[in-house]
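Visitor: Just add 479 to the spot in the sequence shown (first one is 1) and you have this note's numbering.
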Amino acid sequence: MELGNRSYPILIGEGLLDARALFAQHVPARDILIVSNTVVAPLYLGALEASLRPRRLLTSILPDGESQKTLANVARILDVLVANRFGRDCAVLALGGGVVGDMAGFAAATYQRGVAFVQLPTTLLAQVDSSVGGKTGVNHPGGKNLIGAFHQPIAVVADTRTLTTLPRRELRAGLAEVIKYGLICDADFFDWLEVHLDELLAGDAAALEHVIRRSCEIKAKIVGGDEREQADRALLNLGHTFGHAVESATGYTAWLHGEAIGAGLVMAARMSRESGHLTAPELERVTRMIARAGLPTHVPDVRPEVALQHMRIDKKVQAGRIRLVLIRRIGSAFVTADYSEPALQRTLAAHLG
Ligand SMILES: NC(=O)c1ccc[n+]([C@@H]2O[C@H](COP(=O)([O-])OP(=O)(O)OC[C@H]3O[C@@H](n4cnc5c(N)ncnc54)[C@H](O)[C@@H]3O)[C@@H](O)[C@H]2O)c1
Ligand SMILES: [Zn+2]
Numbered sequence: 480m481e482l483g484n485r486s487y488p489i490l491i492g493e494g495l496l497d498a499r500a501l502f503a504q505h506v507p508a509r510d511i512l513i514v515s516n517t518v519v520a521p522l523y524l525g526a527l528e529a530s531l532r533p534r535r536l537l538t539s540i541l542p543d544g545e546s547q548k549t550l551a552n553v554a555r556i557l558d559v560l561v562a563n564r565f566g567r568d569c570a571v572l573a574l575g576g577g578v579v580g581d582m583a584g585f586a587a588a589t590y591q592r593g594v595a596f597v598q599l600p601t602t603l604l605a606q607v608d609s610s611v612g613g614k615t616g617v618n619h620p621g622g623k624n625l626i627g628a629f630h631q632p633i634a635v636v637a638d639t640r641t642l643t644t645l646p647r648r649e650l651r652a653g654l655a656e657v658i659k660y661g662l663i664c665d666a667d668f669f670d671w672l673e674v675h676l677d678e679l680l681a682g683d684a685a686a687l688e689h690v691i692r693r694s695c696e697i698k699a700k701i702v703g704g705d706e707r708e709q710a711d712r713a714l715l716n717l718g719h720t721f722g723h724a725v726e727s728a729t730g731y732t733a734w735l736h737g738e739a740i741g742a743g744l745v746m747a748a749r750m751s752r753e754s755g756h757l758t759a760p761e762l763e764r765v766t767r768m769i770a771r772a773g774l775p776t777h778v779p780d781v782r783p784e785v786a787l788q789h790m791r792i793d794k795k796v797q798a799g800r801i802r803l804v805l806i807r808r809i810g811s812a813f814v815t816a817d818y819s820e821p822a823l824q825r826t827l828a829a830h831l832g
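Quick look at the structure:
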């Protein structure tokens, strides 16, 4: 997949963790550290190790959960690399969801100023979003993802079979980002999702493979564009200014990120309608898609005025005004600071509290 001048393969398919030849081709390192967590390692570490033998394999198995995405756990990964005197020619492999990927990537970015890194994403969210683009990092008590670095993987290997054990709630949360890609720039993909949503929810491998491939293509195209085209990258925040407000207003505990983004996408669509950019039937289509995916379209535990406060302190605020990503029509998003405050308040009131 093309990512400007730093392209790397994104391999997607059923059973790829068992594909020895694939690892022989794409992961040349002899010394390998596999980073995973206590939930994923018992399920998939054995298969991965079998595909990598007979190399020198080490593991760093971290506790599970977003609260574990810390500098302290990155230090644990680095300690293993140092204690075993791994050189610059080693590789760090991330086997897990976005939390493991972000930490392993940050460790790989900083060990000896950067060693090879491979993403083996095992959640839908990681397969369609966090494993592509090169953002790595950890949370700080002062804020989410405050500490990090860009470090591109040498390869991404997404085995769709890992999704068979993923909790359904996590699968649905990942679908929010998939729906987002359709809304941003691909109306045909959105149509396809409407037709095949039930297969996706049932875990159909071929349908999942298709959405992962198309999602990675879209994300790679947007983040791989000219470094100066920051405007394009901002489109990936569709639904996120609203969604982040829901997450922070509820203390990051009540809703998964993808669930908050599901509601955020509906609010972005409503705001687009309120601003005269989207037709009523299109707003209805977006709302129905989110609801069918099992994601919330209404968040009763957040008051509109509280959400607005959180939106104002979100990092997208420039010159005191919140910049929003809106949709002109399904498949075409844009960034604007030109909208009416009453429209924003009506939007929040329609979906919150
Ligand atoms: N780097 C980026 O560009 C980027 C983009 C989006 C999100 N993120 C980050 O990604 C993180 C969220 O990632 P996530 O949604 O994958 O969460 P996660 O990594 O916490 O995984 C969700 C849960 O599923 C479990 N799990 C993972 N794979 C499994 C499998 N195959 N079977 C059973 N259980 C499995 C995990 O152990 C965890 O309990 C956040 O920290 C977010 O900031 C990063
Ligand atoms: Zn997101």
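For every residue, glycine included, the Cβ atom is placed at its ideal position computed from N, Cα and C. This one's a predicted model, so the numbers in the text were calculated from it and none came from an experiment.
Please state if the CB of R567 and the CB of Q598 are separated by a distance shorter than 8 angstroms.
Guide: For Q598 and R567, no; Cβs fall outside 8 angstroms.
Visitor: If you run the structure through DSSP and keep just helix, strand and coil, what is D638?
Guide: In the structure shown, D638 sits in a strand (DSSP, three-state: E or B).
Visitor: Look up T758 in the DSSP assignment and say whether it is helix, strand or coil.
Guide: Three-state result, T758: coil.
Visitor: Go ahead and pull the three-state DSSP assignment for N716.
Guide: N716 falls in the helix class under three-state DSSP.
Visitor: For A748, which residues from the same chain have a beta carbon less than 8 angstroms from its beta carbon, with the 5 sequence-adjacent residues on both sides left out?
Guide: Excluding sequence neighbours, A748 sits near L662, L757, E761, L762, V765, T766 and I806.
Visitor: Can you tell me whether D558 sits near ligand 2, meaning its C-beta is under 7 angstroms from at least one heavy atom of the ligand?
Guide: Answer for D558: no, Cβ out of range of ligand 2.
Visitor: List the endpoints of the continuous alpha helix (DSSP H) containing D670.
Guide: Per DSSP, D670 belongs to the alpha helix (DSSP H) from A666 to L680.
Visitor: Beta-carbon separation of I540 and R692 under 8 angstroms?
Guide: No, the pair does not count as a contact, with Cβ atoms beyond the cut-off.
Visitor: Report buried or exposed for Q504, applying the criterion of at least 16 other Cβ atoms within 10 angstroms of its Cβ.
Guide: Its Cβ having fewer than 16 others within 10 Å, Q504 is exposed.
Visitor: Compute every distance between the C-beta of E678 and the non-hydrogen atoms of ligand 2, then say whether any falls below 7 angstroms.
Guide: Incorrect: E678 has no Cβ contact closer than 7 angstroms to ligand 2.
Visitor: For V559, which of L536, G544 and S546 has the nearest alpha-carbon?
Guide: Cα-wise, what sits closest to V559 is L536.
Visitor: So, V578 versus Q606, is the Cβ gap smaller than 8 angstroms?
Guide: Cβ atoms of V578 and Q606: not closer than 8 angstroms.
Visitor: Is E481 helix, strand or coil by DSSP?
Guide: Low local confidence applies: a pLDDT of 49 at E481 is under 50, so the model's placement there is unreliable, and no value is given.
Visitor: Does the beta-carbon distance from A583 to I658 come in below 8 angstroms?
Guide: Against a cut-off of 8 angstroms, the Cβ pair of I658 and A583 comes out as no contact.
Visitor: Could you compute how far the alpha carbon of V553 sits from the alpha carbon of G627?
Guide: Their Cα atoms are separated by approximately 11 angstroms.
Visitor: Hey, is the segment 633 to 649 in contact with the segment 602 to 618, meaning 3+ C-beta pairs nearer than 8 angstroms?
Guide: Enough Cβ pairs lie closer than 8 angstroms, so yes.
Visitor: Just the Cα atoms here: how many angstroms apart are G722 and A681?
Guide: Going by the C-alpha atoms only, they are around 26 angstroms apart.
Visitor: Would you check whether ligand 1 has a heavy atom nearer than 7 angstroms to the C-beta of A605?
Guide: For ligand 1, at least one heavy atom lies less than 7 angstroms from the Cβ of A605.
Visitor: What runs of the beta strand (DSSP E), each 3 residues or longer, lie entirely inside the segment 507 to 536?
Guide: As far as the segment 507 to 536 is concerned, its whole beta strand (DSSP E) runs of at least 3 residues are 510 to 516.
Visitor: On the DSSP letters alone, give me the boundaries of the alpha helix (DSSP H) that F502 sits inside.
Guide: Where F502 is concerned, the enclosing alpha helix (DSSP H) stretches over R499 to H505.
Visitor: Does T729 come out as helix, strand or coil in the three-state DSSP assignment?
Guide: T729 falls in the coil class under three-state DSSP.
Visitor: For T639, which of P632, M790 and H689 has the nearest alpha-carbon?
Guide: Comparing Cα positions, the closest option is H689.
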